[in-house]
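Below: the structure, in structure tokens.
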Amino acid sequence: MRTTIVARMARGSVSRRSGGWCFRLDAGVDAVTGHRHQISRQGFSTKREAVAALSTALDGVNSTKPEAVVVGGVALRDYLAEWLEGQRHYLRASTLHSYRIAVDRIISRLGDTNLASLSPAQVQLLQTGLLANGGREGRPLAEKTVANTHVVLHKALADAVRLGLLDRNVVAAVDPPRVPRPQLSVWTVDQLRDFLSVASSHRLFAAFVLLATTGMRRSEVLGLRWSDVDFDDRSVSIVRTLTVVDGRPVVTAPKTRASRRLVYLDTRSIDILQLHHDRSTVERDAYVFQTIDGQPVNPASFSNTFDRLVASSGLPRIRLHDLRHTYATLALRLGTHPVLLSERLGHTSIAVTIDRYSHVIPSIDRNAADVVANRILPRPI
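Using the numbering used here, the first residue of the sequence shown is number 164, and each one after it goes up by one.
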């Protein structure tokens, strides 16, 4: 049980802890430093002693000069700005950039709201508004974008609860938008072969081959240096990624531990990569795939090149990332074990692989039924 006392300028609570009683006092935000000031004491034998001590502390805080304490707490915009600044020490540049965009959305609609008075209803209205007209020029935002914004606000307020700035996380009371499962667009074996034939004369042909035969991500392929390639072992080490942050290429570490991995290549792919090596700058620290002037390939430009090649080929339009889905789908249908595929793709667990490519599993199940039955059942006469 917790007893709460609200005074003129500060508030506190009394609760049982470790066999005794304690109080916590929120004295507001220091106007000079901007930091929230809190006082806590424990070790009281009875609840009455804790309440009396809290009352004394409240009297002391409320007798402080008015200019020393900001009454009413901190605005959501100020808290989120400070929280986001702290996140830069823990997040990849691309993730921090996406957090910043989400925070800007939140602040534009709820920035003046008092952090302590934010309600579930306000969070719900925020999401509804973003879905209706939260995009550029008042266009609707996608469910996934709003769901990601929900995640960022939930994390920010969870940290506020952990730090004692809030008693509860109101975002937890609001459901994020339901994100529809994306419909994967993949090519057949023949279509993939036709594309590679069209791309064979392009100077980045080897990059498309790696995407098609390994399922590597765009950022992983473009982040490769020659020091990551072992021609004798027929493998590449994924130790960095090249992504776009605010329109500029940025090199970062792989997002997860599973993403940092060794990927083995088939004989024909390693031969194509060797040929690319013979035609390229071969310093060990040089990027495997470069622009004509020796700079890393811009990921957005690389995707545009893919789109142009697809358009010239007459094949069904798919995204560059769909080459990864095409590889995974074909690998499963051709008998690659899901565990091995999960490791090869750099998924955090096999559950991710199974969930993402569940549409392929029924055909695998039918094939497995035939394989076992054909072995154990007598042939019909």
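Glycine is no exception: its CB is placed at the ideal position from the N, C-alpha and C atoms. Small disclaimer: the values here were computed from a predicted structure and weren't measured.
For residue i, tell me which candidate among the options has the shortest Cα-Cα distance.
i, options, result
"S466", "F371, S512, Y450", "F371"
"Q287", "G298, L316, T209", "L316"
"P283", "H313, R263, E300, L294", "H313"
"Q346", "N537, I539, R542, R519", "R519"
"L289", "L278, R302, S271", "S271"
"S390", "H440, R268, V523, Y242", "H440"
"V399", "R381, R380, R424", "R424"
"V413", "S257, E212, L221, T219", "S257"
"R447", "A295, R211, R388, D353", "R388"
"A279", "L497, A321, G498", "A321"
"Q354", "R480, G175, A295", "R480"
"H522", "P541, T489, R542", "T489"
Do you know offhand how far residue i's Cα is from residue j's?
i, j, result
"C185", "A323", "21 Å"
"A319", "V333", "11 Å"
"R487", "L259", "25 Å"
"Q437", "F394", "8 Å"
"D338", "Y427", "42 Å"
"L293", "G274", "15 Å"
"E248", "V408", "17 Å"
"I401", "A369", "16 Å"
"I202", "L188", "5 Å"
"T376", "R255", "28 Å"
"L129", "L328", "An answer regarding residue 129 cannot be provided, because it is not within the stretch 164 to 544 covered by the chain."
"V234", "L281", "A caution first: V234 carries a pLDDT of 36, below 50, which makes its placement in the model too unreliable to give a value."
"R331", "A238", "17 Å"
"F469", "D267", "32 Å"
"L503", "T516", "10 Å"
"E212", "I264", "48 Å"
"A303", "V214", "Reading off the sequence, residue 303 comes out as Pro, not Ala. The alpha-carbon atoms of P303 and V214 are separated by roughly 51 Å."
"R507", "R344", "23 Å"
"S464", "A295", "31 Å"
"G175", "T219", "11 Å"
"L367", "L373", "10 Å"
"D396", "I435", "15 Å"
"A449", "V384", "13 Å"
"D429", "R356", "16 Å"
Tell me whether residue i is buried or exposed, calling it buried when 16 or more other Cβ atoms sit within 10 Å of its Cβ.
i, result
"P417", "buried"
"P340", "buried"
"G297", "buried"
"V309", "buried"
"V342", "exposed"
"G301", "exposed"
"V253", "For the sequence presented, residue 253 should be read as Tyr rather than Val. Y253 comes out exposed."
"S505", "buried"
"I269", "buried"
"P229", "With a pLDDT of only 39 at P229, under the threshold of 50, the placement of this residue in the model should not be trusted; the figure read from the coordinates follows. With fewer than 16 other Cβ atoms within 10 Å, it is exposed."
"I539", "exposed"
"S512", "exposed"
"E245", "exposed"
"A491", "buried"
"S208", "exposed"
"R411", "exposed"
"S360", "exposed"
"L497", "exposed"
"G457", "exposed"
"N537", "exposed"
"I150", "Outside the displayed span of the chain (164 to 544) sits residue 150, for which this structure offers no information."
"R442", "exposed"
"R380", "buried"
"L326", "exposed"
Using 8 Å as the threshold, is the C-beta distance between residue i and residue j below it?
i, j, result
"L478", "W350", "yes"
"Q285", "T291", "no"
"H510", "A421", "yes"
"R240", "Q205", "no"
"G386", "L405", "yes"
"S476", "F358", "yes"
"Q453", "P462", "no"
"A305", "L472", "no"
"V177", "L217", "yes"
"R403", "T419", "no"
"V352", "L483", "no"
"V392", "V451", "yes"
"S348", "D485", "yes"
"N311", "S364", "no"
Looking at the C-beta of residue i, does it have a partner C-beta in chain B at a distance below 8 Å?
i, result
"R442", "Of the protein chains in this structure there is only one, and it is not chain B."
With respect to 7 Å, is the separation between the Cβ of residue i and the closest non-hydrogen atom of the ligand MN below this value?
i, result
"F207", "With respect to the ligand MN, the structure offers nothing, as it holds no ligand at all."
query: Which ranges does the beta strand (DSSP E) cover as unbroken runs of at least 3 residues, wholly within the region 368 to 405, from first to last along the chain?
result: Runs of the beta strand (DSSP E) inside the region 368 to 405: 398 to 401.
- request: Starting from the N-terminal side, write out each stretch of the alpha helix (DSSP H) that is 4 residues or longer and does not extend beyond the region 326 to 362.
  value: 352 to 362
message: For a minimum of 4 consecutive residues, which ranges assigned as the alpha helix (DSSP H) are wholly contained in the region 458 to 538?
response: 462 to 476, 485 to 496, 501 to 508, 513 to 519
message: Which complete alpha helix (DSSP H) runs does the region 234 to 277 hold, if anything under 4 residues is left out?
response: 239 to 250, 256 to 273
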